[in-house]
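Some notes on the structure that comes next.
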Amino acid sequence: DFYDFIELPDDNLGIVVADVSGKGVPASLIMASVRAALRAQVDNVYYLYEVVRRLNLMLCRDTRPEEFVTLFYGVLDTRGRRLTWTDAGHAPPLLVRGGKVQELESMNMVLGVDPDVEFRQSIIDLQDDDRLLIYTDGLTDARDFDGRMFGKQRVIDALLKPAATADAVASNLLWDLRRFVGLAPRSDDVTVVALRMP
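Under my numbering, the residues of the sequence shown are numbered 1 to 198, in order.
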């Protein structure tokens with residue numbers, strides 16, 4: 001897993017969360033190359049889907065067939081409170097608005113499989129008190145000693161708890177996860193990025 005925040009011109013903020021298949025040094029090297037390539041692209045390419053398309057071509061060229069990456073890349077216009085995002089097979093972010101939770105779904109494919117695939121981007125205007133959670137599948141797939149998965153419903157329940165800040169949103173979630181998993185061995189990384197609009 002990795003996450004990144006990228007300062008962009010005109011009070012825009014790039015937000016990245018990604019997960020690479022596999023473990024150990026090979027997976028770490030792929031992730032490092034994805035991060036470097038992404039940062040190189042965002043300075044010169046305006047459209048998010050084009051950034052992701054170029055990352056996909058690089059991975060298709062430089063990785064083995066069984067290696068792939070899921071990725072969320074969004075740009076938040078902090079003044080206009082508009083989020084533009086694209087993803088590549090990543091778990092859909094969860095948006096809490098008015099006491100209800102919705103998924104920001106996308107049909108894009110993972111990176112590193114098909115060099116000819118096209119990617120799309122989406123836009124949403126954020127509102128007061130909106131909360132957004134971007135996460136990797138290690139969160140929902142975490143298991144307790146009995147083999148039960150933490151699952152999406154427990155994530156949603158944690159997101160609906162009162163939280164005045166993004167830190168509080170993440171803390172609620174991670175506390176619930178720790179209580180559920182206990183001392184059971186971890187099988188995957190867990191990465192969460194939370195946003196809360198004032």
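No residue lacks a Cβ here, since even glycine has one placed at the ideal position from N, Cα and C. In this text, all values refer to a predicted model and were calculated from it rather than measured experimentally.
Can you tell which of F180, T70, V155 and G112 has the C-alpha that lies nearest to the C-alpha of A170?
Here residue 170 refers to the residue found at position 170 when the sequence shown is read from its first residue. The shortest C-alpha separation from A170 is found at V155.
Locate the beta strand (DSSP E) running through V101, then write down its first and last residues.
Mapped onto the sequence shown, residue 101 falls at position 101. Its beta strand (DSSP E) spans residues K100 to E103.
Is there contact here, the stretch 107-127 with the stretch 78-85, by at least three beta-carbon pairs under 8 Å?
Yes: the two stretches touch, three or more of their Cβ pairs being nearer than 8 Å.
Continuous alpha helix (DSSP H) stretch holding F180: start and end
Sequence index remark: in the sequence shown, residue 180 carries index 180 (1-based). Here the alpha helix (DSSP H) through F180 covers A166 to V181.
T140 by DSSP, collapsed to three states: which one?
Here residue 140 refers to the residue found at position 140 when the sequence shown is read from its first residue. Reduced to three states, the DSSP call for T140 is helix.
Less than 7 Å between the C-beta atoms of L94 and L139, yes or no?
Working through the sequence shown from its first residue, we reach residue 94 at position 94. Working through the sequence shown from its first residue, we reach residue 139 at position 139. Note that the C-beta distance between L94 and L139 is not below 7 Å.
From the DSSP output, in three-state form, read off L160 for me.
Here the question's residue 160 lines up with position 160 in the sequence shown. In this structure, L160 counts as coil in the three-state DSSP scheme.
A164: which of G14, R196 and D114 sits nearest, CA to CA?
Taking the first residue of the sequence shown as 1, we reach residue 164 at position 164. The residue from G14, R196 and D114 with its alpha-carbon nearest to that of A164 is R196.
Anyone know if the C-beta pair for R53 and Q41 falls short of 7 Å?
By 1-based counting over the sequence shown, the position of residue 53 is 53. By 1-based counting over the sequence shown, the position of residue 41 is 41. The Cβ atoms of R53 and Q41 do not sit closer than 7 Å to each other.
Drop a sphere of 10 angstroms on the beta-carbon of F68, count the other beta-carbons inside from all chains shown, and report buried for 16 or more, exposed for fewer.
Translated into the one-based positions of the sequence shown, residue 68 becomes position 68. Burial call: buried.
Would you check if the distance between the CB atom of V75 and the CB atom of G14 is smaller than 7 Å?
On the sequence shown, position 75 is the one that residue 75 refers to. On the sequence shown, position 14 is the one that residue 14 refers to. Taking a C-beta distance under 7 Å as the contact criterion, V75 and G14 qualify as a contact pair.
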